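Data block below; observations after.
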Amino acid sequence: MKQVPTQAPSEFDNMTSTKIQNKVGFIGAGNMAKAIGNGMLVSESVKAENIIISAPSDRNLAFWKEKGVRTTHDNAEVITFADIVFIAVKPQYFEGMIDGLKKASTLTVTKPMCFVSIMVGRTVKSVTEVLKTVPGILGEFEVIKVMPNTPSMVGMGCSVMVSDKNGAFTSVVRQIMELCGVCEDIPESLMNACGALSGSGPAYLYMVIEALADGGVKLGIPRDLSYRLAAQTMSGAGKMVMESGKHPGVLKDEVCSPGGSTITGVHELEKSGLRAGFMNALAAAANRSEQLG
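Residue numbers (this note's numbering): 38 to 330.
In C-alpha cells, the structure reads:
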C-alpha cells in the first residue's frame, strides 16, 4: 500500500525556527522520542550535536546516528551531557532505569536540570521523589510531565503539559513541544483523561480511516484511492472544527440534507453505538493509565 496521503506536505515545511540553546537528552529511543527529536532537528531549533539519546541496544539508534545525534547505551551519560532530559521509557522500566543510575559511578551532576517525563500514569510527584534517590544527581532539578502523540512526527502533534508555570525550564520545554504541534497546559488531575483522548486518539482515528476505506473498497473504490480519500476527509473535517469555530454537531448537520444519503448513513452509525464505543474506549484507556501508575 502507498503512503497515505501520497503527497501531503508536512507541517514542518512551514515551520518557523526557534533557536534553543539548551542541550537536550532522551533516555529511551522509541516513537515518542523520535517524534519530539525530529521536530527539533527538522526545524533546526536544536543542533544535532546538542542532542543525545540512549537506548539499551542499537536497534532504535540508527535513525539518530544518521542525523548526527550523539548516541549512547549509558543513561548516566545523557544526564551528564544534557540540561533537559526526556524520560521516554515505558513506565514499567522506570525503576530499572533508576537502579542503573544509582550504580553509575561516573554520574555526578550539580547543574540545574529539567526532567521531562512522558511516561503514562506516573505523576510529577512520584517521578521527582524517585529521582531524588539517585546519589549522583546533586543539583536542583524540576520535573515536567508531557503527553505527546505520534502525529508530532509530521508537525501535527497534540501535547498536554503539567508544569510549574514559573519553572526555569517551563518555557523552553513548551517551545520544544510546540515545534511538533500544539501544546496545552492542564492540571495533572486531567493527565490520564487527556492521554486517553489525544495520546491514544490517533489509534482510534486510524481505525476509523481504515473502516471508511474498507467501506469504499466494498463499493468498488480502489484501495489506495479509498485510503487517500478517507485520510484527507478526516484531516479536512478536523481543520473545519478548528478553524470554523462551529460545534461539531452543527458541522455534521450542515452535511446532512433532510432525507438524504448522509443522514441515512449517520442513522446506521447511531444504531451501531459509535458514540458510546468511543466514550467507552477513552474510559478504558484512562483506567489503564491509572493502573500503570
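Where a beta carbon is used, it is the ideal one built from N, C-alpha and C, also for glycine. On a predicted model such as this, the values are computed, not experimentally measured, just so you know.
Distance, residue j Cα to residue i Cα
| i | j | result |
| --- | --- | --- |
| residue 115 | residue 88 | 9 Å |
| residue 264 | residue 300 | 23 Å |
| residue 233 | residue 242 | 13 Å |
| residue 321 | residue 307 | 21 Å |
| residue 171 | residue 78 | 31 Å |
| residue 266 | residue 138 | 49 Å |
| residue 304 | residue 310 | 10 Å |
| residue 75 | residue 209 | 16 Å |
| residue 297 | residue 269 | 23 Å |
| residue 254 | residue 247 | 10 Å |
| residue 317 | residue 212 | 33 Å |
| residue 294 | residue 302 | 12 Å |
| residue 283 | residue 319 | 24 Å |
| residue 280 | residue 192 | 17 Å |
| residue 252 | residue 261 | 13 Å |
| residue 164 | residue 97 | 25 Å |
| residue 275 | residue 292 | 14 Å |
| residue 315 | residue 207 | 33 Å |
| residue 272 | residue 289 | 15 Å |
| residue 58 | residue 256 | 54 Å |
| residue 214 | residue 73 | 7 Å |
| residue 68 | residue 147 | 30 Å |
| residue 259 | residue 224 | 46 Å |
Anticipated Cβ contact below 8 Å, residue i with residue j, distance rounded
| i | j | result |
| --- | --- | --- |
| residue 199 | residue 244 | About 28 Å separates the two Cβ atoms, so there is no contact after all. |
| residue 56 | residue 82 | 6 Å |
| residue 100 | residue 71 | 6 Å |
| residue 92 | residue 66 | 4 Å |
| residue 231 | residue 287 | That pair is no contact at about 24 Å. |
| residue 124 | residue 108 | With 8 Å as the limit, residue 124 and residue 108 do not qualify as a contact, their Cβ atoms being about 17 Å apart. |
Own chain, CB closer than 6 Å to residue i, minus 5 neighbours either side, in chain order
| i | result |
| --- | --- |
| residue 195 | 186, 218, 219 and 235 |
| residue 250 | 263, 264 and 267 |
| residue 167 | 135 |
| residue 312 | none |
| residue 175 | 147 |
Cutoff 8 Å; reference residue i; Cβ partners in own chain excluding five residues on either side
| i | result |
| --- | --- |
| residue 141 | 111, 112, 113 and 173 |
Cut-off 7 Å between Cβ atoms - residues of its own chain near residue i, not counting five sequence neighbours on either side
| i | result |
| --- | --- |
| residue 144 | 113, 116, 117, 138 and 173 |
| residue 285 | 278 |
Is it a yes or a no for the stretch 215–227 touching the stretch 102–117, going by three-plus beta-carbon pairs under 8 Å? no
Within 8 Å, do at least three Cβ pairs link the stretch 126–139 to the stretch 199–208? no
Is the stretch 223–240 close to the stretch 179–193, with three or more CB pairs under 8 Å? yes
Indicate whether the contact test is met: 3 or more Cβ pairs, each with one atom in the stretch 322–329 and one in the stretch 156–163, closer than 8 Å. yes
If we count Cβ pairs, one from each stretch, closer than 8 Å, do we get three or more for the stretch 141–154 versus the stretch 167–180? yes
Please determine if the stretch 54–62 and the stretch 113–127 are in contact, where contact requires at least 3 C-beta pairs separated by less than 8 Å. yes
Write down every uninterrupted run of the beta strand (DSSP E) in the stretch 178–228 whose length is 3 residues or greater and which is fully enclosed by it, in chain order. 178–184, 194–199 and 218–222
Please give me, in chain order, every unbroken run of the alpha helix (DSSP H) with length at least 4 that falls completely inside the stretch 246–301. 260–281 and 285–292
Which runs of the alpha helix (DSSP H) at least 4 residues long sit entirely within the stretch 99–148? Give them in chain order. 99–103, 112–118 and 131–139
Can you give, in chain order, each stretch of the alpha helix (DSSP H) that sits fully within the stretch 297–326 and has at least 4 residues? 298–308
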